[in-house]
Amino acid sequence: MGFHTFDAEQAARLEDAAERYRYCSREELLGMLAPDPAAVVADLGSGTGFYADDVAPHVGTLHAVDVQPAMHDYYRQKSARDERAERGATEPGLPANVDLVAADVGDLPFADDALDGAYGTMTFHEFADDASVAELARVCRPGARLALVDWSAAGAGETGPPLSERYEADDAAAMLAGAGFDVDRADERVETLAVTATR
Ligand SMILES: C[S@@+](CC[C@H](N)C(=O)[O-])C[C@H]1O[C@@H](n2cnc3c(N)ncnc32)[C@H](O)[C@@H]1O
Numbered sequence: 000m001g002f003h004t005f006d007a008e009q010a011a012r013l014e015d016a017a018e019r020y021r022y023c024s025r026e027e028l029l030g031m032l033a034p035d036p037a038a039v040v041a042d043l044g045s046g047t048g049f050y051a052d053d054v055a056p057h058v059g060t061l062h063a064v065d066v067q068p069a070m071h072d073y074y075r076q077k078s079a080r081d082e083r084a085e086r087g088a089t090e091p092g093l094p095a096n097v098d099l100v101a102a103d104v105g106d107l108p109f110a111d112d113a114l115d116g117a118y119g120t121m122t123f124h125e126f127a128d129d130a131s132v133a134e135l136a137r138v139c140r141p142g143a144r145l146a147l148v149d150w151s152a153a154g155a156g157e158t159g160p161p162l163s164e165r166y167e168a169d170d171a172a173a174m175l176a177g178a179g180f181d182v183d184r185a186d187e188r189v190e191t192l193a194v195t196a197t198r
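Read in order, the letters of the sequence shown are residues 0 to 198 in numbering that gives the first Met the number 0.
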């Protein structure tokens with residue numbers, strides 16, 4: 000695991016759409032991931048499901064992975080209040096193709112090559128070390144696409160976790176390359192990094 004884990008007591012902050020889309024929009028994330036409509040994809044550290052709700056309509060199956068069951072509880076309760084409850088979801092209110100997975104990214108309950116893609120938003124700094132990135136490589140099939148957006152150590156520190164807890168885009172790229180990913184893009188922006196890679 001990387002640095003500290005997000006405080007589940009602060010979950011509501013992850014639902015502030017104006018603030019979230021300032022740093023990563025739905026359009027950017029889906030453009031980076033470029034999923035096939037039938038793809039099996041994992042959201043790495045899905046939190047309240049803020050981005051899972053954006054990605055789910057564009058993939059076949061979305062495994063929403065989070066190490067904190069309290070975050071899944073928040074996602075369930077949020078969704079139960081939502082009109083999506085009428086759409087035949089497997090759990091009340093969740094999109095029908097979202098599967099909540101309580102697991103550490105470093106120890107994923109998926110078979111080798113199970114995933115067509117994976118993404119993580121503002122979470123890489125929390126889960127990433129060489130072992131967890133190797134685990135990610137194990138479950139991604141050859142050709143699977145990975146998209147990461149996270150707070151960057153090269154940012155200004157205007158918001159998000161302390162700079163000392165973050166990686167730079169080049170750090171993330173080197174870790175992914177070391178695990179067998181081909182890195183397509185590793186960009187620094189104002190406050191965040193954006194990295195895409197292919198297994
Ligand atoms: C800052 S929140 C971001 C949540 C979500 N990705 C978003 O952008 O709204 C980080 C999330 O990653 C989860 N997390 C941290 N370390 C993890 C790990 N090793 N495996 C799985 N989830 C992890 C935390 O529980 C938390 O829900």
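Where is the CB? At the ideal position from N, CA and C, for every residue including glycine. Predicted model only: the values in this text are computed from it and were never measured.
- Here DSSP, grouped into helix, strand and coil, assigns Val64 to strand.
- In this structure, Leu13 sits away from Tyr118, with a CB-CB distance that is not shorter than 8 Å.
- With a cutoff of 8 Å on beta-carbon distance, Asp103 and Val58 are scored as not near each other.
- At a cut-off of 7 Å, the beta-carbon of Leu28 does not count as near ligand 1: no heavy atom of the ligand is closer than that.
- In terms of CA proximity to Val40, Gly116 leads the group Gly116, Arg80, Asp52.
- For Val54 and Ala173, the gap between their C-alpha atoms comes out near 27 Å.
- Just so you know, the alpha carbons of Ala16 and Glu157 end up roughly 18 Å apart.
- Taking the C-beta atoms as reference points, Thr120 is found nearer than 8 Å to Tyr50.
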